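Visitor: Got a structure here, written out as structure tokens. Questions coming.
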Amino acid sequence: MNLTELIFKYIDGTITREEDAILRKMIEEDPSLKRDYNALLNLDFEIKNDVNEIDYPEEFFENVQNEIKNKIIVDNKRRLARKKKSNQFKFASVLGIILILMFSSINNPVHNLIKEHKEGKSTESINNNNEKAPISSLLSDNNSKIGKKTIIKNNQRNKLIKTYSKVNESAKLNVNFRSNHNNTIKMPLSPNNYMNETQFAQNIQENNLKLDYSFFVSNQITKNIPNESSNFNNQQIKNFNVSVLNAISNIAKSEQVELNSFLGSDIAIFGVNKSRSVISSFTQSVAYNLNTKSKIGLETGYFQIGMDKDKYLEIKSSSRDEFGSSVNSGGTEFLIRTPGKENYEQTIIWAGLFYERNLIKYNNITLSSRLGAGYDGNGLIGNLKLFANYNISNSINLTVGGESKLLLGKSYNSETNGKIGSTISLIYGVHFEF
Amino acid sequence: MKKGDENSEQEKIIEAAKMFKDGDAEAFEFLYNRFKNMIYRLCFKMLGDEELAKDCFHESFLKAYEHRTDIKPETFHNWLYTIAHNTCINYLRKQKRQVKIGNDDYGFKPRGYLNIGMKEAINEKIQLLPILLREALILRDYEDLTYESIAEILKIDKNTALVRVHRARLKLKELLAPLVKELNESN
Numbered sequence: 001m002n003l004t005e006l007i008f009k010y011i012d013g014t015i016t017r018e019e020d021a022i023l024r025k026m027i028e029e030d031p032s033l034k035r036d037y038n039a040l041l042n043l044d045f046e047i048k049n050d051v052n053e054i055d056y057p058e059e060f061f062e063n064v065q066n067e068i069k070n071k072i073i074v075d076n077k078r079r080l081a082r083k084k085k086s087n088q089f090k091f092a093s094v095l096g097i098i099l100i101l102m103f104s105s106i107n108n109p110v111h112n113l114i115k116e117h118k119e120g121k122s123t124e125s126i127n128n129n130n131e132k133a134p135i136s137s138l139l140s141d142n143n144s145k146i147g148k149k150t151i152i153k154n155n156q157r158n159k160l161i162k163t164y165s166k167v168n169e170s171a172k173l174n175v176n177f178r179s180n181h182n183n184t185i186k187m188p189l190s191p192n193n194y195m196n197e198t199q200f201a202q203n204i205q206e207n208n209l210k211l212d213y214s215f216f217v218s219n220q221i222t223k224n225i226p227n228e229s230s231n232f233n234n235q236q237i238k239n240f241n242v243s244v245l246n247a248i249s250n251i252a253k254s255e256q257v258e259l260n261s262f263l264g265s266d267i268a269i270f271g272v273n274k275s276r277s278v279i280s281s282f283t284q285s286v287a288y289n290l291n292t293k294s295k296i297g298l299e300t301g302y303f304q305i306g307m308d309k310d311k312y313l314e315i316k317s318s319s320r321d322e323f324g325s326s327v328n329s330g331g332t333e334f335l336i337r338t339p340g341k342e343n344y345e346q347t348i349i350w351a352g353l354f355y356e357r358n359l360i361k362y363n364n365i366t367l368s369s370r371l372g373a374g375y376d377g378n379g380l381i382g383n384l385k386l387f388a389n390y391n392i393s394n395s396i397n398l399t400v401g402g403e404s405k406l407l408l409g410k411s412y413n414s415e416t417n418g419k420i421g422s423t424i425s426l427i428y429g430v431h432f433e434f
Numbered sequence: 435m436k437k438g439d440e441n442s443e444q445e446k447i448i449e450a451a452k453m454f455k456d457g458d459a460e461a462f463e464f465l466y467n468r469f470k471n472m473i474y475r476l477c478f479k480m481l482g483d484e485e486l487a488k489d490c491f492h493e494s495f496l497k498a499y500e501h502r503t504d505i506k507p508e509t510f511h512n513w514l515y516t517i518a519h520n521t522c523i524n525y526l527r528k529q530k531r532q533v534k535i536g537n538d539d540y541g542f543k544p545r546g547y548l549n550i551g552m553k554e555a556i557n558e559k560i561q562l563l564p565i566l567l568r569e570a571l572i573l574r575d576y577e578d579l580t581y582e583s584i585a586e587i588l589k590i591d592k593n594t595a596l597v598r599v600h601r602a603r604l605k606l607k608e609l610l611a612p613l614v615k616e617l618n619e620s621n
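Which chain is which? The protein sequence lines are A and B, in order. No gaps in the numbering here: position 301 of the first sequence is 301 in the working numbering, and each next residue is one more. To convert, count from 1 in the second sequence and add 434; that's the working numbering.
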């Protein structure tokens with residue numbers, strides 16, 4: 001080990017006792033080594049002293065501190081505002097979903113009737129066991145094929161009474177029905193008499209039926225008083241059932257319309273500097289079923305861009321910009337331009353058309369693709385979605401998948417950050433059928 | 435500073451760094467006041483010019499704020515030094531001061547030292563050191579950082595950091611030799 005290494009160990013405070021002894025011996029034996037030793041120690045001493053003799057620009061320090069603190073405070077305010085906005089959006093979404101669920105549940109009894117009938121399911125009466133529904137009994141006596149019974153709970157009773165009345169009246173059956181049950185109505189359904197859509201349309205035309213949702217909220221009164229002693233022939237009963245099912249089928253036809261809501265979080269953004277940037281999106285669409293596999297619709301939504309945008313900050317009390325040039329503000333003060341960043345936010349609204357096709361169906365899960373094109377105010381926007389629908393109830397599906405969006409307009413364009421070319425997002429949402 | 439005080443100070447820094455990461459203005463103030471002198475010293479010694487040092491200092495703290503989400507609280511001061519060091523390097527490049535990064539640009543132009551003190555001479559000669567040696571020397575001898583910290587900041591291994599510091603000291607000694615000789619003779 002040479003002298004220099006030992007001196008450095010000594011300066012760094014890592015020298016051992018043995019090495020220290022060697023160092024001292026070497027210095028004592030050779031005067032030139034002693035000079036080197038002294039020179040290095042003096043140098044170290046001067047440097048250590050120099051640290052304490054630097055003049056620190058306290059005023060400048062304070063200016064910088066105040067500037068950055070103010071920036072932090074402003075940024076925090078912006079962040080809180082953004083968070084508040086996001087919470088409002090979440091609240092509105094939840095509220096919307098709840099309202100739609102409520103709306104959906106209002107129609108559930110009818111949908112249940114349709115579905116159960118279509119699927120040939122039977123629901124046992126929960127009526128008082130001692131009572132027999134007159135209609136059911138009557139029909140059973142005259143038509144052995146009619147055995148399906150569906151129970152409607154008390155709170156939906158009035159609606160169905162209206163339904164019966166309307167159908168009865170429209171079908172011009174000279175039959176009076178009566179429900180003498182306080183809590184339930186039994187509704188006889190015959191799968192054999194269920195009409196297909198063509199027959200239904202014909203029937204609607206012939207009978208001048210105009211049944212729609214207003215049907216349920218009309219003020220029509222159940223004016224037809226039942227008469228248990230009435231006699232029915234098979235044809236009359238069939239007609240009645242057909243009419244009832246026509247009414248229900250008409251309602252079923254409204255299931256052609258679907259409503260979708262998607263929330264999106266970006267996975268990748270192409271075309272811009274993605275430094276701390278984020279894109280969130282919301283899409284709402286209405287679809288019309290062309291057939292069991294295909295649908296078309298109208299889609300509208302927005303996406304929010306949040307990112308750091310390059311900006312030159314102007315700071316006083318200095319004399320050079322980043323290129324070394326002096327910048328005079330025109331007065332006695334100098335300004336410096338230094339690269340910095342500011343938060344940037346933009347909301348882009350767009351609308352377009354789409355075509356959707358179901359690709360695979362497995363149990364309650366359907367895999368679908370959707371191809372759309374639209375306009376966002378600056379240019380064309382295209383998107384391709386691939387998502388899975390999980391059926392959780394008669395009219396509600398949960399949706400999750402991916403979306404690729406291509407932005408051809410100036411959706412976001414900055415000299416420093418560039419233009420967003422395309423995005424890939426995770427999408428999730430709810431899908432309603434009406 | 436006692437060991438216990440050091441630990442307590444370190445804990446405060448870690449806590450403040452965590453809060454600063456979440457955008458806390460008071461935490462920033464604490465850290466700023468704790469490190470402003472060190473960062474300024476680093477900038478000043480690296481650039482050798484007060485105005486440039488101010489610019490570099492200012493930009494370093496702005497960058498620290500902008501990139502606060504990258505903070506690792508346990509090694510906050512190394513992280514801050516890394517930002518300041520990188521900013522200094524950028525400044526040296528931008529200023530085109532004809533200081534090449536490497537070991538070949540080492541040069542010594544003798545001049546009279548009769549009216550120059552040792553302190554001024556050291557400051558002047560440090561600027562003549564190659565950047566790789568200069569930064570290592572400043573971090574070790576001015577900032578009193580460990581070789582482990584220097585290695586982390588400069589992204590080199592510990593032995594390389596040690597070698598660079600030693601080489602820088604020898605070069606500086608060599609550069610100051612004429613002055614030392616004159617001072618010795620005058621004494």
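Here a beta-carbon is modelled for each residue, glycine too, at the ideal position from N, C-alpha and C. The structure presented is a predicted model; accordingly, all values stated were derived computationally and were not measured.
1) Any idea what DSSP makes of threonine 292(A), helix, strand or coil?
2) Using the Cα positions of alanine 92(A) and leucine 99(A), report the straight-line distance between them to the nearest angstrom.
3) Please list the residues of the region 7–27 of chain A that have a C-beta atom closer than 7 Å to any C-beta atom in chain B, keeping them in chain order.
4) For leucine 353(A), which of Gly382(A), Leu359(A), Gln346(A) has the nearest alpha-carbon?
5) Given that valine 614(B) touches chain A, what residues does it touch there, using C-beta distances under 7 Å?
6) Any idea what DSSP makes of lysine 84(A), helix, strand or coil?
7) Using only CA atoms, which one of Pro507(B), Ile556(B), Thr521(B), Ala459(B) lies nearest to tyrosine 474(B)?
8) Beta carbons nearer than 8 Å to chain A: which residues of the region 486–511 of chain B have them?
9) Output the distance between the C-alpha atoms of tyrosine 344(A) and threonine 4(A), rounded to the nearest integer angstrom.
10) Could you work out which residue in Lys592(B), Leu579(B), Glu586(B), Asp575(B) is closest to leucine 41(A) when comparing CA atoms only?
11) Alpha carbon to alpha carbon, how far is serine 368(A) from phenylalanine 270(A)?
12) Can you look up isoleucine 448(B) in the DSSP assignment and give me helix, strand or coil?
13) Quick check: the region 581–601 of chain B against the region 504–523 of chain B, are at least 3 beta-carbon pairs closer than 8 Å?
14) Return the first residue and the last residue of the beta strand (DSSP E) that leucine 573(B) is part of.
15) Pull the bridge partners of glutamine 284(A) from the DSSP assignment, please.
16) When you check each C-beta in the region 456–479 of chain B against every C-beta of chain A, which residues fall closer than 7 Å?
17) In chain order, what residues of the region 570–589 of chain B put their CB closer than 7 Å to some CB of chain A?
18) Could you tell me if aspartate 141(A) is buried or exposed, where buried requires 16 or more neighbouring beta carbons within 10 angstroms of its beta carbon?
19) In chain A, what lies closer than 9 Å to histidine 519(B) by C-beta?
20) Could you check the C-alpha separation between arginine 370(A) and serine 86(A) for me, to the nearest Å?
21) So which residues on chain E does methionine 552(B) lean against when the C-beta distance must stay under 7 Å?
22) When the cut-off is 7 Å and only beta carbons count, does isoleucine 556(B) lie next to chain A?
23) Looking at C-alpha atoms only, which residue of Leu398(A), Tyr302(A), Ser404(A), Tyr390(A) is the closest neighbour of alanine 268(A)?
24) With 16 as the cutoff for other CB atoms within 10 Å, does glycine 429(A) come out buried or exposed?
25) Could you work out which residue in Phe45(A), Leu406(A), Ala81(A), Thr283(A) is closest to glycine 306(A) when comparing CA atoms only?
26) Kindly identify the DSSP beta-bridge partner or partners of alanine 373(A).
27) Short check: CB of lysine 455(B) to CB of arginine 527(B), under 7 Å?
28) Lysine 479(B) by DSSP, collapsed to three states: which one?
29) Measuring only the C-alpha atoms, how far is glutamine 444(B) from methionine 453(B)?
30) Could you give the first and the last residue of the continuous beta strand (DSSP E) run that contains glutamate 403(A)?
31) For the alpha helix (DSSP H) that aspartate 504(B) lies in, which residues bound it at each end?
32) Return yes when the Cβ of leucine 6(A) is within less than 7 Å of the Cβ of leucine 33(A), no when it is not.
Guide: Let me spell this out:
1) coil
2) 10 Å
3) Under the 7 Å Cβ criterion, the region 7–27 of chain A contributes Phe8.
4) The shortest Cα separation from leucine 353(A) among Gly382(A), Leu359(A), Gln346(A) belongs to Gly382(A).
5) Ala39
6) Helix at lysine 84(A).
7) Here the closest residue by C-alpha is Thr521(B).
8) Leu486, Lys488, Asp489, Phe491, His492, Glu493, Phe495, Leu496, Tyr499, Glu500, Thr503
9) One C-alpha to the other measures close to 57 Å.
10) For leucine 41(A), the nearest C-alpha among the options comes from Asp575(B).
11) 25 Å
12) helix
13) yes
14) Counting along the chain, leucine 573(B) falls outside any beta strand (DSSP E), and DSSP gives it neither H nor E.
15) Ser261(A), Thr300(A)
16) Cβ contacts with chain A: Gly457, Ala459, Phe462, Glu463, Tyr466, Lys470, Asn471, Tyr474, Arg475, Phe478.
17) Asp575, Tyr576
18) Per-residue confidence for aspartate 141(A) stands at a pLDDT of 34, beneath the threshold of 50, marking its modelled position as unreliable; the derived number appears in the next sentence. Its Cβ having fewer than 16 others within 10 Å, aspartate 141(A) is exposed.
19) Chain order gives no chain A residues near histidine 519(B), where near means a beta carbon separation below 9 Å; the closest approach is about 17 Å.
20) 27 Å
21) This model lacks chain E altogether; the protein chains it does include are A and B.
22) yes
23) Among Leu398(A), Tyr302(A), Ser404(A), Tyr390(A), the Cα nearest to that of alanine 268(A) is on Ser404(A).
24) buried
25) Ala81(A)
26) Leu353(A), Gly382(A)
27) no
28) helix
29) 14 Å
30) 396–407
31) Careful: aspartate 504(B) lies outside any alpha helix (DSSP H) and carries neither H nor E.
32) no
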